[in-house]
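Notes follow once the structure below has been shown.
Numbering (UniProt numbering), first residue to last: 1 to 162.
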């Protein structure tokens with residue numbers, strides 16, 4: 001069976017402008033300021049299926065999940081863990097050498113769940129808010145030790161033309 005590739009894109013229209021107000025402005029905790037304007041909000045489920053030993057985002061593995069946002073977008077990723085293992089989310093610079101665990105500094109300030117090496121447990125939700133300040137291709141990894149190496153990662157693209 002051929003794996004399904006899911007691609008999500010942020011529309012250039014300002015249809016989500018009211019979401020920022022609903023979220024209470026730019027608050028995202030200390031050091032997590034988010035740019036004013038529309039918010040690119042994406043729910044992500046860790047261990048949505050049993051695929052890859054529950055090490056997946058929305059049932060996808062090894063870069064099949066691709067999220068694209070425009071440069072300067074305020075981003076909100078809401079991670080919910082449905083699995084039995086801890087999971088996390090961290091945006092890191094793209095590399096062909098997958099890290100064994102979370103890296104010390106994410107690609108953008110605030111672009112990770114709290115303590116990505118510890119992760120969140122079954123039933124927990126974590127909200128990640130940051131500004132996608134630089135165009136490029138990034139990895140969206142599970143920072144729990146070993147998970148990214150085993151295929152729990154997606155692609156996060158910041159496009160000047162999205």
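Cβ atoms here follow ideal geometry from the backbone N, Cα and C, with glycine treated the same way.
Candidates 39, 96, 75 and 86: closest to residue 63 by CA position: The count along the chain shown starts at 1 and reaches residue 63 at position 63. Measuring from the Cα of residue 63, the nearest candidate turns out to be 96.
Using three-state DSSP, classify residue 81 as helix, strand or coil. As a first step, residue 81 is located in the chain shown; it is residue number 81 there, counting from the start. The answer is strand: DSSP assigns residue 81 an E or B state.
Residue environment, residue 152, which counts as buried when at least 16 other CB atoms sit within 10 Å: In the chain shown, the residue the question calls residue 152 occupies position 152. Residue 152 comes out buried.
Between which two residues does the beta strand (DSSP E) harbouring residue 156 extend? Within the chain shown, numbered from 1, the residue matching residue 156 stands at position 156. 153–159 is the span of the beta strand (DSSP E), which, as asked, contains residue 156.
Check residue 53 in the structure and name its three-state DSSP category. What you label residue 53 is simply residue 53 of the chain shown in a count that begins at 1. Of the three classes helix, strand and coil, the one that applies to residue 53 here is helix, per DSSP.
Count the other CB atoms within 10 Å of the CB of residue 106; is the residue buried (16 or more) or exposed (fewer)? What you label residue 106 is simply residue 106 of the chain shown in a count that begins at 1. The residue is buried, with at least 16 neighbouring Cβ atoms inside 10 Å.
Taking the straight line between their C-alpha atoms, what separation do you get for residue 69 and residue 81? For this step, residue 69 is matched to residue 69 along the chain shown. For this step, residue 81 is matched to residue 81 along the chain shown. Distance between the alpha carbons of residue 69 and residue 81: 23 angstroms.
With distances taken Cα to Cα, identify the nearest neighbour of residue 54 among 91, 116, 121 and 75. For the purposes of this step, residue 54 is taken as the residue at position 54 of the chain shown. Measuring from the Cα of residue 54, the nearest candidate turns out to be 121.
Could you tell me whether the Cβ of residue 150 comes closer than 8 angstroms to any Cβ of chain D? Checking the listed chains, one finds no chain D in this structure; it contains a single protein chain.
Within the continuous beta strand (DSSP E) that includes residue 128, where are the two ends? Within the chain shown, numbered from 1, the residue matching residue 128 stands at position 128. Segment 125–131, the beta strand (DSSP E) holding residue 128.
Would you give the residue range spanned by the beta strand (DSSP E) that residue 112 belongs to? Stepping through the chain shown from its first residue, residue 112 is reached at position 112. Taken as a continuous stretch (DSSP letters only), residue 112 belongs to no beta strand (DSSP E), as it is neither H nor E.
Could you check which residue in 110, 67 and 42 has the C-alpha nearest to that of residue 157? Within the chain shown, residue 157 is the residue found at index 157, counting from 1. Taking only the C-alpha atoms, the option nearest residue 157 is 67.
How should residue 125 be labelled, buried or exposed, when 16 other C-beta atoms within 10 angstroms of its C-beta is the threshold for buried? The residue labelled residue 125 in the question sits at position 125 within the chain shown. Residue 125 is exposed by the Cβ-count criterion.
Neighbour-count burial assignment, residue 131, 16 or more Cβ in a 10 Å radius: The residue labelled residue 131 in the question sits at position 131 within the chain shown. Buried, by the Cβ-count rule.
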